[in-house]
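**Student:** Numbering (this note's numbering), first residue to last: 81 to 288. Quick reminder that beta carbons are idealized off the backbone N, C-alpha and C, glycines included. In this text the structure is predicted, and so the values were computed from the model without any measurement.
Spelled out as structure tokens, the structure:
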């Protein structure tokens, strides 16, 4: 069952003479959101930028995808897959940083478009009634498209603006604050430092 936001986007796309994208048809039905597990998954992928070697070789990328349930069987990553994974990670980090006030890297869009072209899509009916276009097969390219699709779906559910990268350390996090005002990853670390900095700034301003 398609939600009204999905239907509106789908109808607008068709009226403009365009083909609906795979991600558009993979939106969750009305009332559902990107799950906490999916948020954790996309953040875990971005955090590999702080873990040297985690996805930087074919074997390492294959292991990471298998560890997080994105591939089954034995699809082995190649050097080209590593390049696309690293470019996807950089593009998503740029998107998350832009949600926290940074300038968006203009290369992010082309990276996502190139990635989506590498994984053929097929129609499927999910157990909960969603109409989906899923990456065909169990390739590494399909696994990377699944990661990107999480962020795309978040845009429809209103959660995309909450997906951020910490201004201080670059760590990806989900902003659960009521007014989406959080700019740091963790209160015990960057949050405390940010509050201390703001306090000193106000104190100096008051002192004239």
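1) By how many angstroms is the C-alpha of residue 249 removed from the C-alpha of residue 125?
2) Is DSSP giving residue 152 helix, strand or coil here?
3) Touching or not, the stretch 186-195 and the stretch 155-162, by the rule of three or more beta carbon pairs under 8 Å?
4) The alpha helix (DSSP H) that contains residue 177, what's its start and end?
5) If you compare alpha carbons, which of 224, 214, 199 and 209 is closest to residue 122?
6) May I have the straight-line CA-CA distance separating residue 270 from residue 222, to the nearest angstrom?
7) For residue 184, does the three-state DSSP call read helix, strand or coil?
8) Going by beta-carbon coordinates alone, are residue 32 and residue 232 separated by less than 8 Å?
9) Buried or exposed: residue 172, going by 16 or more other Cβ atoms within 10 Å of its Cβ?
10) Measuring straight from C-alpha to C-alpha, what distance separates residue 136 and residue 156?
11) Of the residues 259, 219 and 178, which one's Cα is nearest the Cα of residue 165?
12) Write down the C-beta distance between residue 130 and residue 251 rounded to the nearest angstrom, noting that I regard them as a contact closer than 8 Å.
13) Which residues in the same chain as residue 127 place their Cβ atom closer than 8 Å to its Cβ, once the five residues preceding and following it in sequence are excluded?
**Tutor:** Straight from the coordinates:
1) 16 Å
2) coil
3) no
4) Per DSSP, residue 177 is one residue of the alpha helix (DSSP H) stretching across 159-178.
5) 224
6) Their backbone Cα atoms lie some 35 Å apart in a straight line.
7) coil
8) The structure shown does not extend to residue 32, since the chain spans only 81 to 288, so no value can be given for it.
9) buried
10) 14 Å
11) 219
12) Confirmed, about 7 Å.
13) 251 and 252
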